[in-house]
Amino acid sequence: MGRAKAAAKNFTVDMWWTGLNDVEVGLFVHSRHRAKSRQFTADSDVIGEVLEGGERAGLITYREGLWKSDDPGAKRVVLKLFTPAMTWRGSIDLLIGRSVQLSTGAGGFPVTSWSLNIDGHDQIVQVERSARKWPGMPEQFSFFLIEGGEARTYRLRQDWINFGGDYTLYDQTGARIGHLNGHVFHMAGRWDVTLDGAPSPLLATALQLIGGMLKFNGAARRHIGRVVRGVRQGAISLAIDKQEADLYLNPRRPR
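FYI, in numbering that gives the first Met the number 0 the residues of the sequence shown are 0 to 254.
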């Protein structure tokens with residue numbers, strides 16, 4: 000008899016329409032979140048959750064102050080994943096400098112770049128939109144994870160028939176290993192995620208953060224497009240936010 004097929008991992012990334020929810024409502028709740036984790040900053044807002052088996056397995060926040068900034072270099076998406084007890088698990092940041100660079104190289108086509116940082120994993124993971132896209136063609140993102148000394152590459156492609164923001168995940172051999180099923184009538188964004196073959200916890204965490212990123216995908220793309228046009232026309236002198244600039248620092252620099 001052949002070996003039993005490894006069980007798939009299923010979870011849901013459910014983004015909320017507003018920050019008014021059972022996690023945020025209550026006197027001094029925001030202050031208690033900040034006391035539990037330094038990663039929960041003063042401008043953080045809980046805007047989503049991760050569900051496993053119908054139970055809350057994680058919370059997703061974003062830096063509201065950054066995203067609402069009037070400064071083109073400071074206006075960016077920063078999402079963070081926490082446990083229900085508000086222990087930080089990971090973050091995904093929109094990189095303005097890198098996105099503008101890639102978009103400029105693509106002739107102005109908006110190419111977003113995201114930096115993914117997962118607790119306990121030394122690698123800073125780059126999640127980037129592909130510049131190879133013709134009108135009407137599905138968009139694609141790619142990234143790689145270093146596990147056990149091996150770099151494994153992944154490709155997330157938008158489905159051809161796509162009503163609710165559906166994406167399929169492929170590994171480096173081109174094999175289909177997962178699917179993000181978007182809900183058509185969920186305005187804030189909700190994705191039922193299936194990862195085949197007992198995926199690593201690292202890949203699952205990465206997809207939970209990427210699922211949250213998809214809520215901001217269109218708005219982030221439009222923002223980068225405006226910044227690129229402004230820089231090209233000389234209307235914007237781009238200054239990179241310090242926290243983003245820290246991600247570009249040379250690790251071998253004198254300290």
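For glycine and all other residues, C-beta sits at the position ideal for the given N, C-alpha and C.
Who are the near neighbours of residue i in its chain, counting only those whose CB is closer than 6 Å to its CB and skipping five residues on each side?
| i | result |
| --- | --- |
| PHE215 | VAL76 |
| THR152 | PHE143 and GLN171 |
| VAL24 | Residue placement at VAL24 is flagged as unreliable, the pLDDT there being 46, under the threshold of 50; a coordinate-derived value is accordingly withheld. |
| SER36 | MET85 and TRP87 |
| GLN122 | ILE145 |
| LEU246 | SER114 |
| GLN38 | LYS79 and TRP87 |
| LYS74 | SER68 |
Using a 10 Å radius around the Cβ and a threshold of 16 neighbouring Cβ atoms, would you call residue i buried or exposed?
| i | result |
| --- | --- |
| MET186 | exposed |
| LYS241 | exposed |
| ARG252 | exposed |
| GLN232 | exposed |
| GLU149 | exposed |
| ASN113 | According to the sequence shown, residue 113 is Trp rather than Asn. By the 10 Å Cβ count, TRP113 comes out buried. |
| TRP66 | buried |
| GLY89 | buried |
| GLU243 | buried |
Is the beta carbon of residue j closer than 8 Å to that of residue i?
| i | j | result |
| --- | --- | --- |
| MET85 | GLY211 | no |
| ILE91 | ILE209 | yes |
| VAL183 | ILE95 | no |
| THR111 | ALA7 | no |
| TYR169 | ARG156 | yes |
| TRP87 | ASP118 | yes |
| SER98 | ILE223 | yes |
| ASP195 | ASN180 | no |
| TRP159 | PRO137 | yes |
| LEU78 | THR60 | yes |
| ALA56 | LEU115 | no |
| VAL124 | PHE140 | no |
| HIS255 | LEU201 | An answer regarding residue 255 cannot be provided, because it is not within the stretch 0 to 254 covered by the chain. |
| GLY163 | LEU213 | no |
| THR82 | ARG62 | no |
| LEU93 | GLN207 | no |
For the putative contact between residue i and residue j, defined by C-beta atoms under 8 Å, what is the C-beta separation to the nearest angstrom?
| i | j | result |
| --- | --- | --- |
| VAL255 | GLY47 | The structure shown does not extend to residue 255, since the chain is modelled only from 0 through 254, so no value can be given for it. |
| GLY72 | LEU237 | 5 Å |
| GLY173 | THR193 | That belief does not hold up - the Cβ atoms of GLY173 and THR193 are roughly 18 Å apart, past 8 Å. |
| SER199 | GLU146 | 6 Å |
| PHE10 | LEU58 | Going by Cβ atoms, the distance from PHE10 to LEU58 rounds to 13 Å, so no, they are not a contact pair. |
Excluding the five sequence neighbours on either side, which residues of its own chain have a C-beta within less than 8 Å of the C-beta of residue i, listed in chain order?
| i | result |
| --- | --- |
| LEU26 | Residue placement at LEU26 cannot be trusted, given a pLDDT of 43 that sits under 50; what the coordinates show is reported in the next sentence. Closer than 8 Å at Cβ, skipping near neighbours: no residue. |
| PRO109 | SER98, SER102, ARG128, ARG220, ARG221, ILE223, GLY224 and VAL227 |
| PRO250 | none |
| LYS132 | PHE108, GLU138 and GLN139 |
| ARG175 | THR167, LEU168, TYR169 and ASP195 |
| ALA197 | ALA5, ALA6, ALA7 and LYS8 |
Does chain D have any CB closer than 8 Å to the CB of residue i?
| i | result |
| --- | --- |
| LEU65 | You won't find chain D in this structure, because it holds only one protein chain. |
Return the chain-ordered list of same chain residues with a C-beta closer than 7 Å to the C-beta of residue i, the five sequence neighbours on each side being excluded.
| i | result |
| --- | --- |
| ALA130 | LEU101, ALA105, PHE108 and VAL110 |
| GLY64 | ASP42 |
| ARG154 | GLN139, SER141 and TYR169 |
| GLY229 | PRO71 and ILE235 |
Quick one: is the Cβ of residue i within less than 7 Å of any heavy atom of the ligand HEM?
| i | result |
| --- | --- |
| PRO200 | Among the ligands in the structure shown, none appear at all, so the ligand HEM cannot be discussed. |
Residue ranges of each alpha helix (DSSP H) run of no fewer than 4 residues wholly in the stretch 204 to 238, ordered along the chain?
216 to 232
Let me know the beta strand (DSSP E) ranges lying completely inside the stretch 47 to 85, each 3 residues or longer, listed in chain order.
Runs found: 54 to 62 and 77 to 81.
Entirely within the stretch 92 to 123 and at least 3 residues each: give me those beta strand (DSSP E) ranges in chain order.
112 to 117
Please specify which runs of the beta strand (DSSP E), each continuous and at least 3 residues long, are wholly inside the stretch 145 to 185, giving them in chain order.
149 to 157, 166 to 170 and 175 to 181
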